[in-house]
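A short worksheet on the structure shown next.
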Amino acid sequence: MSESTLADAIVLAIKTASKETSKIVNEPSKTLADLPSFCGNVSEWIAFRSVYNDTSGLFSNVQNVARIRKALSGEARETCEALIYTETDPLQIMRVLERRFGRPDAIIKQELNKLRRMTPMNGGMGNISSFANKVNNCVAAIRTLNKLSYLSAPEMTDEIVDKFNDILKFKWCEYKDSQNSDEPELVMLSTFLNKIADQCSASMPIEKGGSRNLRPTPERRPRRTNTINTMKYDDNNSNSHTAFQPSNRSTINVKMICPLCNNEHGLPDCGEFVKLNMSEKWDAAKRLRMCFRCLRGRHMQATCRGKPCKICRGGHHRLLHQERTTIEGHEGSAQTTAVVTEHTAVSVNNVNTMRAYLKIVPVELYGPEGSMKVHALLDEGSTVTLIDEQVANRIGAKGRRETLRVSSVGGNEITDENRGNLKLAPQRVERATVAACSHLTDIAENLIYDAAAPCILIGQDNWGLIVSRQIKSGRANQPAASLTQLGWVLHGCCSSLSRPINTVHHLRPSDASDIELNDIVKRHFEIESLGVAPRKPSHDPEEGARINNLLKNGYAEPAPNPSTSERLWYLPHFAVTHPQKKKVRLVFDAAARTNGKCLNDALLTGPDLIRSLLGVLVRFRQGRVAVSADIKEMFLRVKIRKEDRDSLRFLWRNNMHENPQEYRMTSLIFGAASSPCTAIYIKIATPQNLNLSTRRRAKRYD
Numbered sequence: 001m002s003e004s005t006l007a008d009a010i011v012l013a014i015k016t017a018s019k020e021t022s023k024i025v026n027e028p029s030k031t032l033a034d035l036p037s038f039c040g041n042v043s044e045w046i047a048f049r050s051v052y053n054d055t056s057g058l059f060s061n062v063q064n065v066a067r068i069r070k071a072l073s074g075e076a077r078e079t080c081e082a083l084i085y086t087e088t089d090p091l092q093i094m095r096v097l098e099r100r101f102g103r104p105d106a107i108i109k110q111e112l113n114k115l116r117r118m119t120p121m122n123g124g125m126g127n128i129s130s131f132a133n134k135v136n137n138c139v140a141a142i143r144t145l146n147k148l149s150y151l152s153a154p155e156m157t158d159e160i161v162d163k164f165n166d167i168l169k170f171k172w173c174e175y176k177d178s179q180n181s182d183e184p185e186l187v188m189l190s191t192f193l194n195k196i197a198d199q200c201s202a203s204m205p206i207e208k209g210g211s212r213n214l215r216p217t218p219e220r221r222p223r224r225t226n227t228i229n230t231m232k233y234d235d236n237n238s239n240s241h242t243a244f245q246p247s248n249r250s251t252i253n254v255k256m257i258c259p260l261c262n263n264e265h266g267l268p269d270c271g272e273f274v275k276l277n278m279s280e281k282w283d284a285a286k287r288l289r290m291c292f293r294c295l296r297g298r299h300m301q302a303t304c305r306g307k308p309c310k311i312c313r314g315g316h317h318r319l320l321h322q323e324r325t326t327i328e329g330h331e332g333s334a335q336t337t338a339v340v341t342e343h344t345a346v347s348v349n350n351v352n353t354m355r356a357y358l359k360i361v362p363v364e365l366y367g368p369e370g371s372m373k374v375h376a377l378l379d380e381g382s383t384v385t386l387i388d389e390q391v392a393n394r395i396g397a398k399g400r401r402e403t404l405r406v407s408s409v410g411g412n413e414i415t416d417e418n419r420g421n422l423k424l425a426p427q428r429v430e431r432a433t434v435a436a437c438s439h440l441t442d443i444a445e446n447l448i449y450d451a452a453a454p455c456i457l458i459g460q461d462n463w464g465l466i467v468s469r470q471i472k473s474g475r476a477n478q479p480a481a482s483l484t485q486l487g488w489v490l491h492g493c494c495s496s497l498s499r500p501i502n503t504v505h506h507l508r509p510s511d512a513s514d515i516e517l518n519d520i521v522k523r524h525f526e527i528e529s530l531g532v533a534p535r536k537p538s539h540d541p542e543e544g545a546r547i548n549n550l551l552k553n554g555y556a557e558p559a560p561n562p563s564t565s566e567r568l569w570y571l572p573h574f575a576v577t578h579p580q581k582k583k584v585r586l587v588f589d590a591a592a593r594t595n596g597k598c599l600n601d602a603l604l605t606g607p608d609l610i611r612s613l614l615g616v617l618v619r620f621r622q623g624r625v626a627v628s629a630d631i632k633e634m635f636l637r638v639k640i641r642k643e644d645r646d647s648l649r650f651l652w653r654n655n656m657h658e659n660p661q662e663y664r665m666t667s668l669i670f671g672a673a674s675s676p677c678t679a680i681y682i683k684i685a686t687p688q689n690l691n692l693s694t695r696r697r698a699k700r701y702d
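Going by the working numbering, the first residue of the sequence shown is number 1, and it counts up by one from there.
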């Protein structure tokens, strides 16, 4: 080999080594060049594509596919699930993603929707900066996607300006008028907001982003001992049940001084305080000005977060609970509990309780050895169907034994290999419960059953039997009924009263109280002796005169007692006057109802026999002389049959010291539905039924 050839080989080797070294040194780190995560959000596509285009040249195709695979998640990963593991060309994957999430119109519309969802601007400077940033981002996205026509949409600019306050709207109008350029309005608006934001940023206070977490917490005087228990799960436990063992206990010991004995404990733990009787405990708590609810601080009871009394749920500590005395009555009487104190009357009221009904329905099971009627629990939260072993043996049912696994909400699981007796709580549906629900009246007999414990539990593996196909529901505090393939079943909550209301009065005789009671009774009788004037109607004398006139002229008569008629009705009556007349008219109210019925309901109004006004006016012009007449007491001159008179009874007395007497009408009354038709018919029929001589005599008398 010549010297020139050897020199050329050495130079080539040095250049090659230099290039490899430069490539290794300049190769970017994988951590710094990771792509941003992309889950399929259209607004994040531009950032994802820009980072990829800027860094894809630094990596090989295989490395770029791995970077894309690591960055994708959610809907974006589902779009190219197969390509990210089979395709070696990253450009193919990017084209698929751009076709799905990189449509320019969709990206721009989403950016514009962000502007539409902006809240109206208030007077804060930070809000102006937020507006400027969002509008600036939207303009940048439109320019990047080369969809400049969206920048000239005036309706978008108007929607943004409508969110400005009055001052900013005025400044925008001034800025718009001062510009003579042909740039789109959205670009002009973005420039305006950026200018206003820059002006406001000079006077904007500096935000202390992390100072809140770095600020030291002021020391506080501890008030009680805090204990933190850490539970450790034992994986090696031989028992099938989940086992927890306490592993660590961290205790913060705080010195607490008892206000009664000055020792290091709280007042509820003080031996001297516990030995006191109930009245002395209350006096000590009042003297020490302690909270009655927790006995640990001198704060108000209304603001105390301590737990109420565990015995009576009252707003006091359990050490301040009053002893209760049970008072039992005679045989068969209800038991009553009351707090016994002197000079006190205590009422024990019932408590409104809620009772929940599970879906239990009577069914009949059939097997190889017979049948049996039992109750089944329809459990929609169970995944298996279980049956009592005794019931299964009786009907000869045989099934496959499986391990029972019960999972709780916290993720714990209990496993049981054998449970011979399935014990479920009994339930009863009483007739009174169903009768109180109006929406269950038509299916009441299908819901009522005596106390019975379900012997079979039907779960979701037989969902066709337990699914509700029809529901009847009432108010929120009433149970509902669902129709299944096994029949109607009652379920839900029902509010009921725990016990009847009892009232207990505690009395203590005292001479001073007797004297006071005597004075109270004496003052009561003094007031009663004054008397109260009776209230009389304004037309009481006139009404009495009208009734006496009815009795005098035979229009009314005393009613026989007792009555032999089945049609008996008593009418209220009152006197009325016309505004333009002084005559008092007596009206019997046949429309007055009792128990939903009135006399007019049994009467017919009849046809309209009143002559029309047009006919009267036409006949008025036929003769030379016009005569107008009126019949005096027209209704009262029409008599009623005796068998119908008991339907027109009324009561009346002439003075307040007499007992009311019963009377009945013998003539038509003013107020009955049938009176106008009857009176007009009698007026028309009477002249027609008279003979010729009688009519001539009546004409001569007129």
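Yeah, the Cβ is synthetic: ideal placement off N, Cα and C, and Gly gets one too.
For clarity, every value in this text was computed on a predicted model and none was experimentally measured.
| Check | Outcome |
| --- | --- |
| Nearest to M665 (by Cα), restricted to the options E643, R624, A284, M656 | E643 |
| The segment 605 to 622 contacting the segment 570 to 577, beta-carbon criterion three pairs below 8 Å | no |
| C-beta atoms of A679 and F635 nearer than 8 Å | yes |
| Proximal residues to A111 (C-beta, below 6 Å), its chain only, five neighbours per side dropped | Inspection of the sequence shows that residue 111 is occupied by Glu rather than by Ala. Closer than 6 Å at the Cβ level, and outside the excluded window around E111, lie C138, A141. |
| For V340, three-class secondary structure by DSSP | Per-residue confidence for V340 stands at a pLDDT of 40, beneath the threshold of 50, marking its modelled position as unreliable; the derived number appears in the next sentence. Three-state DSSP puts V340 in coil, outside helix and strand. |
| Contact under 8 Å by Cβ, R703 with Y570 | Because the chain spans 1 through 702 in this model, residue 703 falls outside it and cannot be assessed. |
| Among F670, P90, A76, nearest to S56 - alpha-carbon criterion | P90 |
| Alpha-carbon spacing of R355 relative to C494, whole angstroms | 5 Å |
| Backbone secondary structure at F650 - three-state DSSP | strand |
| L35 classed as buried or exposed, judged by whether at least 16 other C-beta atoms fall within 10 angstroms | buried |
| contact_flag[the segment 369 to 377, the segment 393 to 406] where n(CB pairs < 8 Å) is 3 or more | yes |
| From I414, V391, N53, residue whose alpha carbon lies closest to that of V363 | V391 |
| Touching by the beta-carbon criterion (3+ pairs, under 8 Å), the segment 159 to 177 and the segment 98 to 110 | no |
| G474 versus L440 - alpha carbon distance | 9 Å |
| Among S667, V638, A672, the one whose alpha carbon lies nearest that of K683 | V638 |
| V587 to L668 span [Cα, whole Å] | 11 Å |
| Own chain, CB closer than 6 Å to P479, minus 5 neighbours either side, in chain order | Y357, L490, G492, C494 |
| D182 - DSSP class collapsed to helix/strand/coil | coil |
| I414 burial status per 10 Å Cβ neighbour count (16 or more: buried) | exposed |
| When S647, P454, T191, N689 are compared against S563, the one with the closest alpha-carbon | S647 |
| Contact under 8 Å by Cβ, A545 with L599 | no |
| Residues that K281 bridges to, as DSSP identifies them | The partner list for K281 (beta bridge, DSSP) is empty, contrary to what the question assumes. |
| Y701 burial status per 10 Å Cβ neighbour count (16 or more: buried) | Here the model assigns Y701 a pLDDT of 49, short of 50, so the residue's position is not dependable and the matter cannot be decided. |
| Ranges of the alpha helix (DSSP H) found wholly within the segment 260 to 320, counting only runs of at least 4 | 271 to 275, 278 to 287 |
| The segment 37 to 55 touching the segment 69 to 81, judged by at least three CB pairs closer than 8 Å | yes |
| V380 in three-state terms, based on DSSP | A small correction: the amino acid at residue 380 is Glu; Val does not occupy that position in the sequence shown. Residue state, collapsed to three classes: coil. |
| Identified DSSP bridge partners for Q470 | L483 |
| Close-in-space but distant-in-sequence residues of the same chain around D235 (CB under 6 Å, 5 per side omitted) | With a pLDDT of only 41 at D235, under the threshold of 50, the placement of this residue in the model should not be trusted, and no figure is reported. |
| Contact the segment 455 to 465 vs the segment 373 to 393: 3+ CB pairs below 8 Å | yes |
| Residues of its chain near D589, where Cβ-Cβ distance is below 8 Å and the 5 sequence neighbours each way are ignored | L571, P572, H573, F574, G671 |
| Contact check, T144 vs I46, beta carbons under 8 Å | yes |
| R428 to L319 span [Cα, whole Å] | 39 Å |
| Neighbour-count burial assignment, N239, 16 or more Cβ in a 10 Å radius | Note that N239 has pLDDT 40, beneath the 50 cutoff, so the model's placement of it is unreliable and no number is given. |
| Beta carbon proximity, N549 to chain C, threshold 8 Å | The chain inventory of the structure shown lacks chain C, comprising one protein chain alone. |
| Opposing strand residues paired with E364 [DSSP bridges] | K373 |
| Beta-carbon spacing of L288, P259 below 8 Å | yes |
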